Structure formats: structure tokens, C-alpha cells
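Single-structure report; data block below.
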Amino acid sequence: TDLKVTGIDFLKSENCRQHHTDAYNIKNLVVRRGQPFQVQLSLSRELKAADKLSLRFGIGEKPMKIRGTLMSLKPKQEQDLGGWQISMVKNSGKECLLSITSSPKAPVGKYTLNVKTGMNIYKPENNAVYLLFNPWCEADVVFLADDAQRKEYVLNDTGFIYVGSAYNIYNRPWNFGQFEEFVLDACMYLLDKSNLKLSNRRDPVFVSRAMSALVNANDDNGVLLGNWSGKYSNGTSPMDWIGSVSILQQYYKTKKPVCYGQCWVFAGVLTTVMRCLGIPSRCVSNFNSAHDTEENLRVDIYLNELGEKLNWMSLDSIWNFHVWNDVWMKRADLPSGFDGWQAIDSTPQEQSQGVFQCGPCPLKAIREGDVYLPFDSKFVYAEVNADKVYWVVKKVNGKDKYIKINTETQGIGVNISTKAVGQDKREDITAQYKFPEGSEEERKSMQKASSFIRPSGMIPRARFASALPMDNAVSKPGVLQETISKTGLQLEITNKEPLYPGNPLELGVTVKISTPGSWTINLVGSCQLQSYTGKIEANLGYVKEIVKLEGKSETQVPLKIEPDTYMKTLSSVEDEVFIRVTAIAEVQGIDDKLTKETTMSFEYPPITVQMPETAKLNEEFSCAFIFKNKLNMPLDNCKLRVEGLGIFKMSTFDQGDVKPGRIMKSEIICTPTRLGEKKIVAKLTSTQIKGISVEKGITIT
1 TDLKVTGIDF LKSENCRQHH TDAYNIKNLV VRRGQPFQVQ LSLSRELKAA
51 DKLSLRFGIG EKPMKIRGTL MSLKPKQEQD LGGWQISMVK NSGKECLLSI
101 TSSPKAPVGK YTLNVKTGMN IYKPENNAVY LLFNPWCEAD VVFLADDAQR
151 KEYVLNDTGF IYVGSAYNIY NRPWNFGQFE EFVLDACMYL LDKSNLKLSN
201 RRDPVFVSRA MSALVNANDD NGVLLGNWSG KYSNGTSPMD WIGSVSILQQ
251 YYKTKKPVCY GQCWVFAGVL TTVMRCLGIP SRCVSNFNSA HDTEENLRVD
301 IYLNELGEKL NWMSLDSIWN FHVWNDVWMK RADLPSGFDG WQAIDSTPQE
351 QSQGVFQCGP CPLKAIREGD VYLPFDSKFV YAEVNADKVY WVVKKVNGKD
401 KYIKINTETQ GIGVNISTKA VGQDKREDIT AQYKFPEGSE EERKSMQKAS
451 SFIRPSGMIP RARFASALPM DNAVSKPGVL QETISKTGLQ LEITNKEPLY
501 PGNPLELGVT VKISTPGSWT INLVGSCQLQ SYTGKIEANL GYVKEIVKLE
551 GKSETQVPLK IEPDTYMKTL SSVEDEVFIR VTAIAEVQGI DDKLTKETTM
601 SFEYPPITVQ MPETAKLNEE FSCAFIFKNK LNMPLDNCKL RVEGLGIFKM
651 STFDQGDVKP GRIMKSEIIC TPTRLGEKKI VAKLTSTQIK GISVEKGITI
701 T
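Residue numbers 1 to 701, in full-length UniProt numbering, belong to the letters of the sequence shown in order.
In C-alpha cells:
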């Protein structure tokens with residue numbers, strides 16, 4: 001009688017455990033390449049030596065052997081087909097146990113499996129097998145040797161994204177959720193949409209670059225539409241998301257871009273996509289990030305005579321922070337030595353090869369100044385290494401005149417941060433991106449990079465500067481030098497009281513001199529509100545004083561901003577705003593000028609989470625979120641968003657207006673569906689305040 005296959009068991013629980021894929025919420029078998037998995041066939045009769053049997057794994061529209069997209073594996077001849085192997089483990093009665101090992105170079109994606117016996121073809125239901133990159137396999141180019149790092153960068157489905165400002169960094173909890181329902185399918189849909197040749201799907205360089213393009217919607221109807229306008233009423237404000245899951249699920253369901261994203265949302269979603277496909281990945285926050293520098297390594301900042309930054313003049317900008325991703329892989333396409341972490345960025349800023357995509361670019365190339373290496377290394381290098389040049393625009397006889405105040409070479413690309421491996425704290429990875437400021441290696445790296453990046457003279461690049469009279473214009477290109485003060489002039493900006501919205505902002509500018517003598521200093525200090533991309537939202541006030549100092553001394557000039565001056569802006573702008581203070585000091589009688597700027601964040605009362613430390617699988621428990629409005633102002637239109645992966649789906653509570661002193665409490669009854677350490681994330685938004693967030697862990701037994 002003809003041999004027929006009557007059933008196939010994908011031995012899912014055993015295979016998935018060994019392949020570290022047991023967390024994926026999907027019916028199908030998910031395995032990693034280069035590692036054996038087993039399937040058990042049920043047959044109509046015992047398998048004999050003369051019987052013909054082959055397992056056929058196909059990928060793509062029309063799988064073909066000649067293209068290497070159809071693997072026909074015959075257990076009789078344990079031959080190696082495109083690096084795939086099959087062997088018979090056990091053959092007894094009508095059961096046959098087979099072991100299959102895919103090639104560690106196989107294209108990742110969704111394979112269909114059917115079994116051919118003689119002329120019969122058996123197609124099992126759920127016959128799609130998902131094949132992923134394998135950081136556990138030494139022969140895979142994404143191999144990562146350290147187990148704690150694999151747990152963090154591949155398997156951890158929650159984390160933090162660091163935001164704020166350079167000296168006031170705080171964490172924003174984020175649910176990556178790479179194992180949640182439909183997320184793997186969304187990633188497979190993106191792979192198909194990328195139009196990568198199947199042979200390029202083997203290579204994480206191509207895959208990560210393609211995904212950096214597809215996570216933004218700019219060229220290809222990708223996942224997220226970026227919006228920095230401050231108006232988000234026809235979508236979800238970028239401030240409102242607490243994770244990637246609802247974004248990817250909505251995208252997979254509608255196949256249309258989700259509104260709206262800003263850099264941390266793009267980075268959070270790209271981390272999810274990379275980890276889901278098996279490429280180790282982390283979110284990276286760069287503080288004082290330079291943008292749009294036209295690759296000339298310089299950001300020009302224009303101030304008026306009060307020290308207020310003039311937005312409309314600048315072509316380039318410094319973002320308080322910018323978040324991108326690092327992915328881990330070998331770079332066989334580059335000279336040796338550039339393996340390891342590579343930067344990729346899905347925030348649409350600049351086109352690369354005609355598409356909004358960025359990377360992968362080796363961190364080592366950025367550090368050593370090898371900015372000719374692909375991909376986009378000049379762009380990333382400038383983000384962490386540009387210099388700041390301050391110009392004051394003065395009216396002279398009714399015309400604008402540009403006066404160069406000073407150059408700062410160390411303020412950009414500081415405190416580069418990611419979540420630490422295995423713990424809930426910040427790890428500073430600046431040293432992986434750049435040599436210590438002022439070191440010999442840094443000087444060499446800078447010189448090397450400058451030789452590849454179009455140098456530009458010291459002429460201000462403003463929208464209208466071409467025909468203007470200039471002071472201190474230097475046309476010599478080259479590496480900029482830090483401005484050295486003749487009198488040891490220093491400025492410090494501090495806040496004397498916590499910066500609670502609804503209270504006066506009590507700020508101070510300290511002027512110091514370290515040279516003997518009598519000095520008269522013209523000081524201006526201004527306070528503005530800005531968004532994280534450096535866009536000025538409001539001018540709040542300024543102080544203008546003549547300060548007299550004797551010898552080595554210092555004095556503090558207060559700058560106080562009343563709540564009425566900023567409350568309206570807080571309510572009208574849909575972004576989180578930062579307090580920006582700029583001071584300019586000029587010593588009379590000698591050419592000694594200095595400017596200093598700092599950005600501070602408002603401080604908010606906390607959300608408290610009340611729940612047990614442990615809970616049992618499939619047994620309900622209650623979780624309460626409590627918030628007391630300790631501010632001297634009402635919070636209107638409060639919304640609390642909560643999500644606990646493996647515990648409950650994303651939920652929103654509308655809390656209405658919360659008056660000063662009022663307490664708001666929301667409760668959710670939840671039933672955990674997965675074992676282990678789980679996290680609950682909550683975020684409160686209101687008209688005035690855009691993001692108070694908290695996360696709390698619970699162990700499910």
C-alpha cells in the first residue's frame with residue numbers, strides 16, 4: 001500500500017523551550033536558525049527502506065530548489081542541502097521522529113512545511129514555521145556570547161527609555177512586548193513589505209537597515225507617522241504611548257501608518273521589531289544631540305541681545321535628547337574590527353540612499369572617526385560630536401550684525417544612555433561612542449573624521465546671513481577650538497526651589513571670575529520654554545544687570561518667573577516642555593564674552609501602585625493606581641493608561657479634572673497568564689502635564 005502521512009506533531013513545547021521562543025503568543029512553531037528541532041510524523045504504515053519520504057520547507061511566493069527557497073530534506077540521505085540537515089531519530093511502528101537543523105545562514109521568515117511520500121503530499125494545518133535569527137548559535141552572525149546580555153537584549157520585553165535633559169535624566173518605562181499576539185506576524189508582514197531579496201534576508205545588516213526605514217511611514221507606508229507640530233488631536237499624541245504593542249497590533253490590523261510618533265516611540269518600536277526577529281537590540285539616548293548639521297560638525301545658535309534663542313534663524317538644532325537603537329552583529333561586509341554594536345535609527349530625519357533610513361553604522365567607526373564606512377556614519381558622528389557656536393544678533397544702525405560669542409566643543413553627545421543589563425538602572429555608554437573629551441585618541445579621531453566631512457569656515461549659517469556684516473568671522477576650515485576666557489569667566493545656572501508647575505520658577509545665574517582686579521560685567525539671562533527638539537514655545541522673561549566683581553569672586557543674580565507667564569503655554573502645547581535658561585556675560589573693557597545655556601525639567605508628584613509582590617498564575621488579584629495632585633494648579637482632562645504584559649491588556653481610565661489636593665484612584669482586577677517577573681506600567685497625562693509614569697514589578701508563580 002501507498003505510504004501516507006496521517007499527522008504531524010511539531011512538538012512545540014519542547015522545541016520552543018530549547019529555542020527560547022516559548023514566550024511567543026502564536027499557535028505555530030517558532031524556531032531559531034542553525035539549531036536542531038524535532039517533528040514527529042504519524043504514518044499509515046511502518047516506514048520501510050524502499051519508501052521515499054521528504055520534508056519540504058519553502059519560503060516566499062514560489063519556493064524553488066534552484067533559488068534555494070525550497071529545501072527538500074530526505075532523511076535517507078543525510079545530505080546537506082544549502083546548509084540544512086535532517087536525520088532520523090527514531091522509527092518505530094507507525095511513528096517516525098525526525099530532527100531538522102536549518103542553516104545558520106538561512107533567510108529568516110515564514111516557511112511552509114509539507115511532507116511528500118511517493119506521489120502523496122501532506123499539508124499539515126498551521127504548516128507555517130517561523131524561522132528567526134539565533135544569538136545562541138555561534139555560527140549565526142548575530143551570536144552574542146553572554147547569557148545575561150541575551151536575556152536583556154533579546155528576551156526582555158520591558159525596559160526603560162532615557163529622556164529629559166543632559167543633567168536631569170529620567171527613565172520612561174516602555175513595554176516592548178515582542179512576544180505579544182500579532183507582533184511576530186506584524187514583523188513578518190514588514191519583512192515581506194521590505195522587498196528585500198530572500199538572499200538578503202539572511203543578513204541582519206540588510207534586515208536592520210530595511211526595518212529602520214519601515215518603522216517610519218515616510219516612504220513606504222510604514223508603521224508610525226512622525227509628528228513634531230505640537231498638535232495631535234487627530235491621532236494619539238506621541239507622549240501617550242507606553243509601549244509598542246498597541247502600535248504594532250493596530251498597524252497589522254489596518255496596514256496603515258499609526259499616528260503619531262517621536263524619537264523614543266520610533267526607537268521603542270524598532271527595539272521590539274529587532275528583538276522579535278532575534279537580533280539583539282537596545283534603545284540608546286543621546287543627550288544634547290546635534291541635528292541637521294549638513295555634516296559640517298557645527299551647530300550655530302543665534303541669540304538676541306537678551307540671550308533669547310531665535311528659532312526662526314537656525315537651520316540646525318540641538319535636541320535635549322534623541323533616541324535611536326544599537327543592534328549586535330558581525331559585519332562581514334566591512335574590513336575586520338567593526339563587529340559588535342551598530343547604530344540604526346528609524347526617526348525620519350535625513351534621507352539615506354533616497355529613503356528615510358539610517359544605519360547600521362559600527363560604534364567603533366564613530367569612535368575612531370572612520371566616517372567613510374557604511375551606513376550613515378557621518379550623520380551619526382555629527383549627532384554625538386558637533387561643536388556649538390553662539391552668535392548674538394545685534395541691531396546696528398537698523399541692520400542686523402552677527403557677533404560671535406564663543407565656541408563650545410564638549411557640550412554635544414553627553415551621557416549617552418541605555419538600560420543596564422539585568423537591572424533597572426541606567427548604563428552610561430558614552431565611552432563606546434567616543435574617546436574621553438580632550439584625550440589624544442579623541443584628537444586623532446576628530447582629525448580623521450574632519451578630513452572626510454566637508455569642512456566649513458566660521459561663517460554663520462543662518463537663513464539670511466549671506467549678505468550681513470560680520471564680526472569675528474574666520475574663514476579657515478578645520479577643527480574648532482574651545483573658547484578660552486582671559487579672566488577665567490564662568491557662568492552657572494541653577495534652580496533654588498524644585499520646579500513644580502503652578503509655582504514660581506526660582507532660578508539663579510552665578511557669575512565667577514578667577515583673575516585678580518576690578519571687573520564690570522554686563523549680564524543678561526533669559527528663560528524660555530522649549531520642546532525636546534529645541535523648538536522655542538514661549539519667552540518667559542529675562543534679567544539684565546551690570547555686575548561688579550573684585551578679584552577672585554562670584555555673585556548670583558536671581559531670575560524669577562511667575563506661574564501666570566507660563567501656565568497658558570503649558571496648556572496649549574501638546575508636547576512635554578522644558579525650561580531653557582541662557583545667560584550671556586561680557587566683561588567690559590576687554591574682549592571676554594561667554595554664554596551658557598541649560599535645560600531643566602519640571603518636577604511632578606508621583607503615581608503610587610498598590611498591589612501584591614507575588615501572584616499566582618490564572619488567579620486574579622487587584623492593582624490600584626493612586627495619584628495625589630500636590631501642585632498649585634488643577635490638572636484637566638486626566639487620562640491614566642496602564643498595561644501589564646502577560647497580566648492585562650492596555651487600558652485607559654478617563655479621570656476628568658483633578659483639582660489641587662485631590663486624590664485620584666483607579667483599580668484594575670487582573671489575571672496573570674504568564675509566569676515569571678512581570679512589570680506593570682502606568683502613565684498619567686493631562687492638558688497641563690504630558691507624562692508622569694511609573695512601573696512596578698510583580699512575580700507570577
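From the three backbone atoms N, C-alpha and C, an ideal C-beta is built for every residue, glycine too.
Nothing here was measured: the structure is a model prediction, and the numbers come from that model.
What do you get for D387, buried or exposed, if any count of 16 or more other CB atoms within 10 angstroms of its CB means buried?
buried
Distance, Cα to Cα, V5 vs C276?
33 Å
Can you list, in chain order, the residues of its chain with a C-beta nearer than 6 Å to that of P469? Leave out the 5 residues immediately preceding and following it.
Low per-residue confidence applies at P469: pLDDT is 40, beneath 50, and the placement is therefore not dependable enough to give any value.
So for V474, helix, strand or coil by DSSP?
Unreliable positioning characterises V474 in this predicted model, as indicated by a pLDDT of 39, which lies under 50. The coordinate reading is nonetheless provided below. In the structure shown, V474 sits in a strand (DSSP, three-state: E or B).
Check L174 in the structure and name its three-state DSSP category.
Looking at the sequence itself, residue 174 is Trp, so the reference to Leu does not match. Residue state, collapsed to three classes: strand.
Euclidean distance between Cα positions of Y162 and T515
40 Å
Roughly how many whole angstroms lie between the Cα atoms of N472 and G278?
Confidence is the limiting factor: at N472 the pLDDT is only 44, short of 50, which leaves the residue's position unreliable, though a coordinate-based value still follows. If you take the alpha carbons of N472 and G278, they lie about 53 Å apart.
Identify the residues that DSSP records as bridge partners of F648: which are they?
G644
Whose C-alpha, out of S194, W324 and I647, is nearest the C-alpha of E619?
I647
Assess, as a yes-or-no matter, whether the region 568-584 is touched by the region 307-316 under the definition of 3 or more beta carbon pairs within less than 8 Å.
yes
Among Q530, V183, T673 and K486, the one whose alpha carbon lies nearest that of N539:
Q530
Helix, strand or coil for Y241 per DSSP?
According to the sequence shown, residue 241 is Trp rather than Tyr. Note: W241 maps to coil in three-state DSSP.
Would you call P558 buried or exposed, if buried means 16 or more other Cβ atoms sit within 10 Å of its Cβ?
exposed
How many Å lie between D2 and E46 at the Cα?
11 Å
Taking the beta carbon of T520 as the centre, do at least 16 other beta carbons fall within 10 Å, making it buried, or is it exposed?
exposed
Which residues mark the beginning and the end of the alpha helix (DSSP H) in which residue 702 is found?
With the chain running from 1 to 701 in the structure shown, residue 702 is simply not present.
Per DSSP, P558 is paired with what?
G508
Do you know how far the Cα of T69 is from the Cα of D345?
30 Å
For M88, report the span of its alpha helix (DSSP H) as first-last.
No alpha helix (DSSP H) contains M88, which is instead part of the beta strand (DSSP E) from Q85 to S92.
Where do the N-terminal and C-terminal ends of the beta strand (DSSP E) with P36 fall, by residue?
P36 to L43
By Cβ distance, which residues of its chain are closer than 7 Å to Y604, with the 5 residues on each side in sequence left out?
I689 and I692
Considering A213, what are the terminal residues of the beta strand (DSSP E) in which it resides?
It is not in any beta strand (DSSP E) - A213 instead sits in the alpha helix (DSSP H) that spans P204 to L214.
Starting from M664, trace the beta strand (DSSP E) in both directions and tell me its first and last residue.
I663 to C670
Would you mind stating whether N629 and R662 have Cβ atoms separated by less than 8 Å?
yes
Where L298 falls, given that 16 or more other Cβ within 10 Å makes a residue buried
The question names Leu, but residue 298 is Arg in the sequence shown. With 16 or more other Cβ atoms within 10 Å, it is buried.
Considering D387, what are the terminal residues of the alpha helix (DSSP H) in which it resides?
Taken as a continuous stretch (DSSP letters only), D387 belongs to no alpha helix (DSSP H), being part of the beta strand (DSSP E) at D387 to V396.
Look at the Cβ atom of L499, then the Cβ atom of F602, and state whether they are nearer than 8 Å.
yes
Assess contact between the region 318-326 and the region 185-193, defined as three or more Cβ pairs (one per stretch) separated by less than 8 Å. Is contact present?
no
Can you tell me whether M446 is buried or exposed? The criterion is at least 16 other CB atoms within 10 Å of its CB, across all chains shown.
buried
Leaving out the 5 sequence neighbours to the left and right, which residues in its chain are closer than 6 Å to V207 when beta-carbon positions are compared?
none
Own chain residues within Cβ distance below 7 Å of F179, not counting five before or after
A23, Y24, N25 and D157
7 Å CB neighbourhood of N304 in its chain, flanking five on each side removed
L310 and V393
First and last residue of the beta strand (DSSP E) that includes F578?
F578 to V587
Count the C-beta pairs between the region 26-45 and the region 126-145 that are closer than 8 Å, then say yes if the count reaches three, no if not.
yes
How far does the alpha helix (DSSP H) with Q23 in it reach, from first residue to last?
The amino acid at residue 23 is misidentified as Gln; the sequence shows Ala. It is not in any alpha helix (DSSP H) - A23 carries neither H nor E in the DSSP assignment.
Touch test, the region 348-360 against the region 199-219, Cβ-Cβ under 8 Å, three pairs minimum:
yes
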